[in-house]
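Here is the structure we will look at.
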Amino acid sequence: VIGVWMGVHRDPANLVKTIKKLRRKDDISPEVSVVRDIREKELRLYTDAGRVCRPLFIVENQQLALQKKHIKWLNNGYNDEGEEYKWEQLIKGGIIELLDAEEEETVMISMTPEDLENSRLHQSGVDPHANDTDFDPAARLKAGINSHTWTHCEIHPSMILG
């Protein structure tokens, strides 16, 4: 509670994983930030009001959690069962996650879904840029050849600016 040590845990990695899973299922508030500082051997939970949080798509196994059905449901305003489907349902359904500046430093954020695709191809042994022979000076610089394990993806690259 506000900087006070609350206890110790034998498996902090599993504790962080469990807290994030509970947050994505809306069992705990989506505004709670979970930060594990390995160097300090601390797990910090931020719940204070007024923290700036920004939305990001959740990535699992190099795939966006967002699917075409979610977009269809958003456009319709309801899901296949006829239940209301809006922004809140994306957060409660584990499709979008709100991250503050502290937690943002502990995740890997892909700029675009294309970067996710390139990482999947690279991990499978395919060079995603093998056929890029045409020079386009206006093209966006592509991510390097290093394979990343992404945890989140920008909703739109301009959203990084706030």
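Start counting the sequence shown at 1; every next residue gets the next number (UniProt numbering). A virtual CB, placed ideally from N, CA and C, is assigned to each residue, including glycine.
According to DSSP, simplified to helix, strand and coil, what is R120? Looking up residue 120 in the sequence shown gives position 120. Helix at R120.
May I ask you to report which of helix, strand or coil DSSP gives D100? Indexing the sequence shown from 1 puts residue 100 at position 100. Three-state result, D100: strand.
Would you check if the distance between the CB atom of F57 and the CB atom of L43 is smaller than 7 angstroms? For the purposes of this step, residue 57 is taken as residue 57 along the sequence shown, with counting starting at 1. For the purposes of this step, residue 43 is taken as residue 43 along the sequence shown, with counting starting at 1. Not a contact, by the Cβ cut-off of 7 angstroms.
Three-state secondary structure (DSSP) of E81: By 1-based counting over the sequence shown, the position of residue 81 is 81. Note: E81 maps to coil in three-state DSSP.
So what does DSSP say about V34, is it helix, strand or coil? As a first step, residue 34 must be located in the sequence shown, where it is residue number 34. It is a strand residue.
For a quick check, are the C-beta atoms of L116 and W150 less than 7 angstroms apart? Here residue 116 is taken as the residue at index 116 of the sequence shown, counted from 1. Here residue 150 is taken as the residue at index 150 of the sequence shown, counted from 1. Cβ distance < 7 angstroms, so L116 and W150 count as in contact.
Same chain, Cβ closer than 7 angstroms to I160, neighbours up to 5 away in sequence not counted: As a first step, residue 160 must be located in the sequence shown, where it is residue number 160. Leaving aside the five residues that flank I160 on each side, the residues in its chain whose CB is nearer than 7 angstroms to its CB run, in chain order, E154.
Secondary structure at H148, three-state DSSP: helix, strand or coil? One-based indexing of the sequence shown puts residue 148 at position 148. It is coil, neither helix nor strand.
Going straight from the alpha carbon of N79 to that of I71, what length do you get? If you number the sequence shown from 1, residue 79 lands on position 79. If you number the sequence shown from 1, residue 71 lands on position 71. Cα-Cα distance, rounded: 10 angstroms.
Kindly indicate which three-state DSSP category V16 falls into: helix, strand or coil? Counting from 1 along the sequence shown, the entry for residue 16 is found at position 16. DSSP places V16 in helix when its eight states are reduced to three.
Is it the case that the segment 2-17 contacts the segment 79-96, given that we only count it when at least three CB pairs across the two stretches are under 8 angstroms? no
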